[in-house]
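S.K.:
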Amino acid sequence: MTYARIPVIDLGPWHADPVGTADRQHLADHVDRALRTTGFLLVTGHGIAPGLPRQLRDAAREFFHLPAAVKDAYAQRAGLRGWTGRDRVVTGRSEGTETPPDLLEVWSCAADPATPTRWPAEVPALRPLIAEYTDRMRGLADTVLEVMATALHRPVDFFTRHTTDPNWDFTVNWYPAAEETGPAAPGQFRIGPHTDFGLVTLLDRQAGRGGLQVHDDEHGWRDAPYEPGAITLNIGDLMARWSGDRWRSGRHRVLPPPADAPQEELTSLVYFHACAPDTSIASLPAPVGRTPYPAVRAGDYLQEKMRAIYAAGGE
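Here this note's numbering runs 956 ahead of the position in the sequence shown, where the first position is 1.
1) Taking ILE965 as the reference, give the member of ARG980, ASP1058, TRP1039 with the closest Cα.
2) Tell me which same chain residues have a C-beta within less than 6 Å of the C-beta of THR958, skipping the five on either side of it?
3) In three-state terms, what does DSSP make of ASP1043?
4) On a CA-only basis, which of VAL1062, GLU1183, HIS1208 is nearest GLY1176? Give me that one, please.
5) Can you find at least 3 beta carbon pairs, one from the region 1149 to 1156 and one from the region 1041 to 1055, that sit closer than 8 Å?
6) Identify whether GLY1138 lies in helix, strand or coil by the three-state DSSP scheme.
7) Can you tell me whether GLY1166 is buried or exposed? The criterion is at least 16 other CB atoms within 10 Å of its CB, across all chains shown.
8) If you check the beta carbons only, do THR1090 and VAL1062 fall under 9 Å apart?
9) Please name the residue in THR1071, ASN1129, GLN1219 whose C-alpha comes closest to that of PHE1020.
10) Return the chain-ordered list of same chain residues with a C-beta closer than 7 Å to the C-beta of LEU1082, the five sequence neighbours on each side being excluded.
11) For VAL1210, does the count of other Cβ atoms within 10 angstroms reach 16, so buried, or fall short, so exposed?
12) Which class does ALA1268 belong to by DSSP, given the choice of helix, strand or coil?
13) Whole-angstrom Cβ separation of ALA1107 and ASP988, contact assumed at under 8 Å?
14) Quick one: grab the DSSP three-state call for ILE1086.
15) Which residues share a DSSP beta bridge with PHE1228?
16) From LEU1189 to THR1157, what distance separates their C-alpha atoms?
17) When you compare only the Cα positions, how much space is there between ASP973 and HIS1002?
18) I think ALA984 touches VAL1100, with their Cβ atoms under 8 Å apart; what is that distance to the nearest whole Å?
19) By how many angstroms is the C-alpha of THR1223 removed from the C-alpha of ALA1005?
20) Below 9 Å between beta carbons: does that hold for ALA1217 and ALA1140?
21) State yes or no: is the C-beta of TYR1227 within less than 9 Å of the C-beta of TRP1124?
22) Candidates ILE1086, LEU967, ARG1197, PHE1114: which alpha carbon is nearest THR1000's?
23) Suppose the cutoff is 8 Å on Cβ atoms and the five residues either side in sequence are ignored; what does the same chain contact list for LEU1240 look like?
24) Would you report the Cα separation of GLU907 and GLY1007, rounded to the nearest angstrom?
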């Protein structure tokens, strides 16, 4: 398996230079070229101290290693976010691909006050760490959206004017080791093939044998490169529609637990950034856009996609 070519984008010049400088436009043009070919970026110069994701992973792993009966008290249900156990999520369904249930457990929370989270008393550090992390990710996502607006020669707040009250979603994905899950069934993954649903996704991942793969039309599935300290960014369906398919929604999956590394477990921190639910997403016209999609309401689109991925009996 060869590695996919994912460009590295250093946000340092964006933070250092005033609005409208040539260095900012050069960076934005680089982002535009990358998103037109892959839909993925590796982002450095983001200002996120490495200690924060490390502490969050430690707290999350403490929760995931609790007995199932304890975790079930925090299970995600209608109108309540929290823990989702194994055999409850089939991510491939969002693109119409049927696979066995994904081999992961998830802790999730969201910006929507109508779906509160019941936080685990057994791991009190989890809530404040997630609050700090999602706040930092929200700021980083808005910075990236400013770069993307500049790449399209739009006002710098072209996207962020719709994210002052963003519909963000955050998950901690825990991928248990093969010695715990047993052999993967045919066609079973830690996360099945899919594209994300919102504007941009920011992923803090760990290197592993059973790790992230990305897909392109020329080469098919290839391993995603890993760079310590970099955030993996991919655009989602709403941004692809908004750009009129100028930028592609990056298709990806996470490989099953490797049989030759039976103790490998991985934890990914995944921040999904979307606009306010009532935002109408209409494709930018040519020559920027290539495909004139019908306008959709962002919140309706996201809800439809989320309903598709839960296995029978899930929420």
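Here a beta-carbon is modelled for each residue, glycine too, at the ideal position from N, C-alpha and C.
A quick note: this is a predicted structure, and the numbers were derived from the prediction, not measured.
M.R.: With the given structure in hand:
1) The residue you call residue 965 lines up with position 9 of the sequence shown. Answer by Cα proximity: ARG980.
2) In the sequence shown, the residue the question calls residue 958 occupies position 2. Cβ within range, chain order: ARG1178.
3) For the purposes of this step, residue 1043 is identified with residue 87 of the sequence shown, where counting begins at 1. Note: ASP1043 maps to coil in three-state DSSP.
4) As a position in the sequence shown, residue 1176 is number 220, starting the count at 1. It is HIS1208 whose Cα lies nearest to the Cα of GLY1176.
5) These segments touch.
6) Residue numbering aside, residue 1138 sits at position 182 when the sequence shown is read from its first letter. Coil at GLY1138, not helix or strand.
7) Taking the first residue of the sequence shown as position 1, residue 1166 is located at position 210. Buried.
8) Working through the sequence shown from its first residue, we reach residue 1090 at position 134. Working through the sequence shown from its first residue, we reach residue 1062 at position 106. Against a cut-off of 9 Å, the Cβ pair of VAL1062 and THR1090 comes out as no contact.
9) Numbered from 1 along the sequence shown, position 64 holds the residue referred to as residue 1020. Nearest of THR1071, ASN1129, GLN1219 to PHE1020, Cα basis: ASN1129.
10) To locate residue 1082, count along the sequence shown from 1; it is residue 126. If we look at LEU1082 and ignore the five residues flanking it on each side, its Cβ neighbours are ALA1015, ALA1016, PHE1019, TRP1075, PRO1076.
11) Here residue 1210 refers to the residue found at position 254 when the sequence shown is read from its first residue. Burial is judged here by how many other beta carbons sit within 10 angstroms of a residue's own beta carbon; VAL1210 has at least 16 and is buried.
12) Position 312 of the sequence shown holds residue 1268. Because the pLDDT of ALA1268 is 46, which lies under 50, any placement of that residue in the model is unreliable, and the number read from its coordinates should be weighed accordingly. ALA1268 falls in the coil class under three-state DSSP.
13) Residue numbering aside, residue 1107 sits at position 151 when the sequence shown is read from its first letter. Residue numbering aside, residue 988 sits at position 32 when the sequence shown is read from its first letter. Their Cβ separation, rounded to whole angstroms, is 4 Å, which keeps ALA1107 and ASP988 in contact under 8 Å.
14) For the purposes of this step, residue 1086 is taken as the residue at position 130 of the sequence shown. Reduced to three states, the DSSP call for ILE1086 is helix.
15) By 1-based counting over the sequence shown, the position of residue 1228 is 272. Its beta-bridge partners are ASP1125, THR1157.
16) Residue numbering aside, residue 1189 sits at position 233 when the sequence shown is read from its first letter. Residue numbering aside, residue 1157 sits at position 201 when the sequence shown is read from its first letter. If I take the Cα positions, the gap works out to 6 Å.
17) By 1-based counting over the sequence shown, the position of residue 973 is 17. By 1-based counting over the sequence shown, the position of residue 1002 is 46. Their backbone Cα atoms lie some 15 Å apart in a straight line.
18) Counting from 1 along the sequence shown, the entry for residue 984 is found at position 28. Counting from 1 along the sequence shown, the entry for residue 1100 is found at position 144. That pair is no contact at about 11 Å.
19) Here residue 1005 corresponds to residue number 49 of the sequence shown, with the count starting at 1. Here residue 1223 corresponds to residue number 267 of the sequence shown, with the count starting at 1. Taking the straight line joining both Cα atoms gives about 18 Å.
20) Position 261 of the sequence shown, counted from the first residue, corresponds to residue 1217. Position 184 of the sequence shown, counted from the first residue, corresponds to residue 1140. Their beta carbons are not under 9 Å apart, which means ALA1217 does not touch ALA1140 by this criterion.
21) Your numbering for residue 1227 matches position 271 in the sequence shown. Your numbering for residue 1124 matches position 168 in the sequence shown. Yes; because the gap between Cβ atoms is below 9 Å, this pair is in contact.
22) For the purposes of this step, residue 1000 is taken as residue 44 along the sequence shown, with counting starting at 1. Out of ILE1086, LEU967, ARG1197, PHE1114, LEU967 has the C-alpha closest to the C-alpha of THR1000.
23) Counted from its first residue, the sequence shown places residue 1240 at position 284. Cβ within range, chain order: LEU1108, TRP1198, SER1199, GLY1200, ARG1202.
24) The chain is shown only over 957 to 1271; residue 907 falls outside these bounds and no answer can be derived.
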